[in-house]
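These protein sequence lines are chains E and Y, in that order.
Heads up: the first sequence begins at 2 in my numbering, then just goes up one per residue.
Heads up: the second sequence begins at 414 in my numbering, then just goes up one per residue.
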Amino acid sequence: MAASLLEVRDVTKRFGGFRALNGVSLDVREGERFGLIGPNGSGKTTLINCISGALRNESGRISFRGCDVTRLPAHQRTRLGIARSFQIPKPFTSMTVLENLCIPLEYAARDVARADVVDEAMAILRRMSLEDKASLLPGRLTQVDMRRLELARAMAAKPRLLISDEAMAGLSSAEVDALLPILFALNEQGITIIMIEHIMRAVMRFSERIAVLDAGEKIAEGPPDEIVKNKDVERAYLGE
Amino acid sequence: MKKGLPLLIAVGVLLAALVATRLVGNRYLYFAGYVIFQYVVLATAWNILGGYTGYVNFGTAGFFALGAYTATVLILAFKAPLPVQIVAGGLVSAVLGLGIGYLTLRLRGVFFSIATLALALVLQTFVMNWEYVGGAKGVSIIRPAAFPPFASYVEFLFFVMAALAVVSAMAAWWIENSWVGRGLAAIRDNEEAAECMGVPTLRLKLLATVVSGCFMGVAGAPFPYYVTLVEPVSAFSLDYAVNSLAMPMIGGTTTWIGPIVGAILLSTAQQVATVTISSELNLLIVGIVLVAFVLLAPQGIVGLVQRLAGRRRA
Numbered sequence: 002m003a004a005s006l007l008e009v010r011d012v013t014k015r016f017g018g019f020r021a022l023n024g025v026s027l028d029v030r031e032g033e034r035f036g037l038i039g040p041n042g043s044g045k046t047t048l049i050n051c052i053s054g055a056l057r058n059e060s061g062r063i064s065f066r067g068c069d070v071t072r073l074p075a076h077q078r079t080r081l082g083i084a085r086s087f088q089i090p091k092p093f094t095s096m097t098v099l100e101n102l103c104i105p106l107e108y109a110a111r112d113v114a115r116a117d118v119v120d121e122a123m124a125i126l127r128r129m130s131l132e133d134k135a136s137l138l139p140g141r142l143t144q145v146d147m148r149r150l151e152l153a154r155a156m157a158a159k160p161r162l163l164i165s166d167e168a169m170a171g172l173s174s175a176e177v178d179a180l181l182p183i184l185f186a187l188n189e190q191g192i193t194i195i196m197i198e199h200i201m202r203a204v205m206r207f208s209e210r211i212a213v214l215d216a217g218e219k220i221a222e223g224p225p226d227e228i229v230k231n232k233d234v235e236r237a238y239l240g241e
Numbered sequence: 414m415k416k417g418l419p420l421l422i423a424v425g426v427l428l429a430a431l432v433a434t435r436l437v438g439n440r441y442l443y444f445a446g447y448v449i450f451q452y453v454v455l456a457t458a459w460n461i462l463g464g465y466t467g468y469v470n471f472g473t474a475g476f477f478a479l480g481a482y483t484a485t486v487l488i489l490a491f492k493a494p495l496p497v498q499i500v501a502g503g504l505v506s507a508v509l510g511l512g513i514g515y516l517t518l519r520l521r522g523v524f525f526s527i528a529t530l531a532l533a534l535v536l537q538t539f540v541m542n543w544e545y546v547g548g549a550k551g552v553s554i555i556r557p558a559a560f561p562p563f564a565s566y567v568e569f570l571f572f573v574m575a576a577l578a579v580v581s582a583m584a585a586w587w588i589e590n591s592w593v594g595r596g597l598a599a600i601r602d603n604e605e606a607a608e609c610m611g612v613p614t615l616r617l618k619l620l621a622t623v624v625s626g627c628f629m630g631v632a633g634a635p636f637p638y639y640v641t642l643v644e645p646v647s648a649f650s651l652d653y654a655v656n657s658l659a660m661p662m663i664g665g666t667t668t669w670i671g672p673i674v675g676a677i678l679l680s681t682a683q684q685v686a687t688v689t690i691s692s693e694l695n696l697l698i699v700g701i702v703l704v705a706f707v708l709l710a711p712q713g714i715v716g717l718v719q720r721l722a723g724r725r726r727a
């Protein structure tokens with residue numbers, strides 16, 4: 002079994018009196034395709050905000066490649082190799098698609114020489130089928146291309162762990178079918194992927210292992226075929 | 414843009430300013446020219462934080478006056494020469510920028526702006542009650558004698574301010590075209606995404622506040638010798654805050670040339686209006702022009718020209 006890339010131990014996050022996460026623990030192995038699901042408001046996005054550093058958890062520990070990153074600011078975690086896409090795309094609106102990728106290439110991807118930044122950005126755009134939109138502003142992209150840009154920009158940070166936060170929400174099933182192979186291909190290159198998704202068809206097909214959150218607690222973890230049969234999961238989604 | 418071009422323009426502006434002091438006899442023009450260059454520095458400085466980074470600073474007058482009062486103290490205490498005043502004014506305002514940045518940059522949008530406005534008021538109150546610099550009634554400063562090749566000290570000040578304008582424009586040009594400027598633009602577009610893409614947002618914002626504050630202080634340092642009566646109401650004038658914000662907005666906030674265009678147009682208009690109509694008209698002109706630009710050309714003159722030229726952002 003491969004070693005743990007990401008270790009989440011007893012992470013708790015409160016917003017005022019509300020416990021968004023209550024003692025959540027997870028292990029994601031190197032090279033794994035990991036699914037994170039749960040009903041709305043169950044704490045999925047809060048958890049990855051804690052992992053990526055956008056939020057600080059009050060207690061618990063997060064380690065990445067054996068280093069404790071719990072207190073590191075987000076940009077340093079990105080440099081260590083944790084990159085994420087946002088549920089609601091947050092492109093740099095005044096920059097072209099190409100320039101959007103140059104930011105993480107310049108700031109986060111340590112092994113890319115300054116002279117190669119544009120070539121590298123174009124290579125990523127080609128892989129994402131965005132190369133002919135390189136000089137457009139993000140405002141002129143379609144929804145599916147906007148999602149592609151989110152993933153492409155996260156890829157430009159040269160991550161070891163890619164967290165895809167609902168990259169497929171609101172897309173048609175044909176569009177989902179177009180995005181999934183891209184994620185599979187990234188995983189084959191050795192990038193560990195955490196997929197947060199409401200589209201069950203996608204997350205079940207993609208993930209090797211799935212964790213289920215409900216009301217800030219992990220209620221199940223296992224391979225997809227076990228998760229679909231799990232009574233607690235059924236109850237969380239459908240009620241008693 | 415070619416690397417040599419900005420340097421060429423810089424040298425050209427300085428030579429033109431120098432030649433002007435040999436040819437122009439009307440002393441009023443030096444006073445007016447000084448003010449225009451001063452606003453080039455202030456608008457450029459404001460734009461590094463306001464335009465590139467997207468944090469609107471209402472406290473320009475505070476940073477400017479801090480530079481002016483630093484120079485005043487140096488004159489009263491040591492009769493320090495002008496270059497020392499300028500460096501010290503810049504440093505003190507840069508430190509203020511660092512401090513205020515550290516305290517307030519976690520605030521976003523309008524909260525940051527209100528904090529900077531409050532800062533200017535606090536500083537003004539402090540100076541009003543500080544007897545050494547004359548308190549509310551101010552202090553008179555004796556301008557040094559002219560020194561060659563300049564026919565008067567005001568001509569010298571005019572040339573110094575032209576040089577400071579050139580230096581600040583070059584600093585803005587460098588920031589805009591470097592990794593720093595790209596990081597600042599990412600912060601302006603989406604701070605959360607910038608941080609998650611590896612941009613050290615807090616450190617870059619502090620850098621922007623320090624550089625911006627420094628140049629505002631630099632612009633204020635020659636003020637005592639220019640006005641010869643330093644008093645809080647004129648040093649902390651609302652004009653500085655309003656103008657240094659309006660000029661980049663009118664010229665265009667995303668490029669180094671925008672604030673310069675805005676500063677030259679607006680302060681020239683103000684100078685002309687002061688002489689021909691009334692000195693009270695200044696802020697009215699700014700207000701009307703600003704409203705017109707926000708409504709008709711929100712990207713400023715530079716943005717308008719780019720759009721008309723049909724460049725990539727058409």
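Virtual Cβ for every residue (Gly too), placed ideally from N, Cα, C.
Note that this is a predicted model, so its numbers are computed, not measured.
Assigned with DSSP and collapsed to three states, residue 204(E) falls in helix. Collapsing the DSSP output to three states places residue 32(E) in coil. Around the CB of residue 577(Y), 16 or more other CB atoms lie within 10 Å, so the residue is classed as buried. Proximity of the stretch 596-606 of chain Y to the stretch 86-95 of chain E meets the contact definition, three or more beta-carbon pairs being nearer than 8 angstroms. Rounded to whole angstroms, the separation of the alpha carbons of residue 550(Y) and residue 544(Y) is 9 angstroms. Nearest C-alpha to residue 679(Y) among 564(Y), 472(Y), 422(Y), 448(Y): 448(Y). For residue 568(Y), no pairing in a beta bridge is given by DSSP.
Shown here for residue 639(Y): same chain residues with a beta carbon closer than 7 angstroms to its own, the five before and five after excluded, namely 447, 570 in chain order. What residue 612(Y) touches in chain E, judged by beta-carbon distance under 7 angstroms, is 76, 104, 108, going in chain order. Within the same chain, and ignoring the five residues on either side of residue 529(Y) in sequence, the residues whose Cβ sits closer than 6 angstroms to its Cβ are 470, 471, 472. Ranking 701(Y), 505(Y), 479(Y) by CA distance to the CA of residue 539(Y) puts 479(Y) first.
Between residue 693(Y) and residue 107(E), the alpha-carbon positions lie close to 49 angstroms from each other. Residues of chain E whose Cβ lies closer than 9 angstroms to the Cβ of residue 586(Y) do not exist, since the nearest Cβ in that chain is about 18 angstroms away. Residue 85(E) sits in a strand when the DSSP states are folded into three classes. When Cβ-Cβ separations below 9 angstroms define contact, residue 609(Y) makes contact with chain E.
For the 9 angstroms CB-CB criterion, residue 676(Y) and residue 455(Y) form a contact. Interface annotation for the stretch 652-671 of chain Y against chain E: 667, criterion Cβ-Cβ distance under 8 angstroms. One thing to note: residue 520(Y) has its Cβ no nearer than 9 angstroms to the Cβ of residue 621(Y).
With respect to residue 131(E), residue 66(E) sits apart: the two C-beta atoms are not nearer than 9 angstroms. Rounded to the nearest whole angstrom, the C-alpha separation of residue 710(Y) and residue 234(E) is 55 angstroms. For the alpha helix (DSSP H) assignment, the uninterrupted runs of no fewer than 4 residues enclosed by the stretch 123-171 of chain E are, from N- to C-terminal side, 144-157. Proximity of residue 96(E) to chain Y, defined by a Cβ-Cβ separation below 9 angstroms, is satisfied. Ranked by how close their Cα comes to the Cα of residue 647(Y), the residues 427(Y), 465(Y), 474(Y) have 474(Y) in first place.
Segment contact: the stretch 419-427 of chain Y against the stretch 45-60 of chain E, fewer than three CB-CB distances shorter than 8 angstroms; contact not assigned.
About 6 angstroms separates the beta carbons of residue 86(E) and residue 168(E), which is inside the 8 angstroms limit, making them a contact pair. When C-beta distances to chain E are compared with 9 angstroms, the residues of the stretch 592-606 of chain Y below that value are 592, 595, 596, 598, 599, 601, 602, 603, 605, 606, in chain order. Counting C-beta atoms within 10 angstroms of its own C-beta, residue 144(E) has fewer than 16 neighbours from the protein chains shown and is therefore classed as exposed.
Annotated as proximal: residue 34(E) and residue 207(E), with beta-carbon spacing under 9 angstroms.
Residue 221(E): member of the beta strand (DSSP E) spanning 218-223, first to last residue. Of all C-beta pairs linking the stretch 14-27 of chain E to the stretch 203-221 of chain E, three or more are shorter than 8 angstroms, placing the two stretches in contact. With respect to chain E, the C-beta atom of residue 615(Y) has a partner C-beta closer than 9 angstroms. The residue among 177(E), 209(E), 15(E) with its C-alpha nearest the C-alpha of residue 48(E) is 15(E). Look at residue 61(E) here: in three-state DSSP terms it is strand. Contacts with chain Y (Cβ-Cβ distance below 7 angstroms) from the stretch 78-95 of chain E involve 79, 80, 85, 87, 91, 93, 94, 95, listed in chain order. In the DSSP annotation of this structure, residue 667(Y) is not part of any beta strand (DSSP E), being labelled neither H nor E.
Per DSSP, reduced to three states, the secondary structure at residue 522(Y) is coil, with no helix or strand assignment.
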